[in-house]
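Written out below as structure tokens is the structure these notes cover.
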Amino acid sequence: GEYTAARAAAAAAGIAIWDVYEDLKSRRGVKKLNDLSTFLRTHDSIDRVCFIGAQAKSSFVKSKDLRKEISANGDTWRDGSRTVRLITLPSSSRANTHVSQGEKVRLWRESLLDKL
Numbered sequence: 159g160e161y162t163a164a165r166a167a168a169a170a171a172g173i174a175i176w177d178v179y180e181d182l183k184s185r186r187g188v189k190k191l192n193d194l195s196t197f198l199r200t201h202d203s204i205d206r207v208c209f210i211g212a213q214a215k216s217s218f219v220k221s222k223d224l225r226k227e228i229s230a231n232g233d234t235w236r237d238g239s240r241t242v243r244l245i246t247l248p249s250s251s252r253a254n255t256h257v258s259q260g261e262k263v264r265l266w267r268e269s270l271l272d273k274l
């Protein structure tokens with residue numbers, strides 16, 4: 159479908175798609191974060207992580223394992239001498255009416271343009 163095609167196009171452009179949460183439908187209501195920090199440490203070509211929505215980025219930034227590696231303003235993650243930009247993109251959901259579709263496209267394009 160459309161999502162599968164989008165993932166394939168992203169992968170072809172060197173863009174990984176990663177869900178912040180391991181299981182969105184946890185039985186106990188507790189959402190477990192995927193281990194993005196290990197993924198980043200083992201893929202040193204990654205120079206930015208784009209989160210779809212502020213809640214996704216906030217969950218990553220607040221992770222206990224990462225607090226000392228995240229900048230005070232939450233815009234970068236450091237691993238030794240390497241810096242990874244942490245970018246918040248507006249939710250792509252049609253329910254997100256705070257940002258117009260055109261503005262969403264502009265912000266996404268601006269964040270990913272050099273990768274496409």
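Per this note's numbering, the sequence shown runs over residues 159 to 274. Glycine included, every Cβ here is placed at the ideal spot set by N, Cα and C. Please read these numbers as outputs of a predicted model, since none were measured by experiment.
Is residue i near residue j, with beta carbons less than 9 Å apart?
i	j	result
Phe-218	Leu-191	yes
Leu-270	Ala-171	yes
Asp-272	Arg-240	no
Quick check on residue i: does DSSP put it in helix, strand or coil?
i	result
Thr-255	coil
Asp-202	coil
Trp-266	helix
Val-207	strand
Val-178	coil
Asp-272	helix
Return the residue from the list the options that minimises the CA-CA distance to residue i.
i	options	result
Glu-180	Ala-168, Leu-194, Ala-170	Leu-194
Val-242	Leu-198, Ala-171, Ala-167	Leu-198
Glu-227	Cys-208, His-256, Leu-244	Leu-244
Asn-231	Ser-249, Ser-216, Arg-240, Gly-238	Ser-216
Lys-220	Ser-203, Ser-258, Val-178, Ala-167	Val-178
Ser-251	Ile-204, Asp-205, Gly-238, Ile-210	Ile-210
Leu-265	Ala-253, Ser-249, Gly-238	Ser-249
Exposed or buried, which one is residue i when buried takes at least 16 other CB atoms within 10 Å?
i	result
Ala-214	buried
Val-263	exposed
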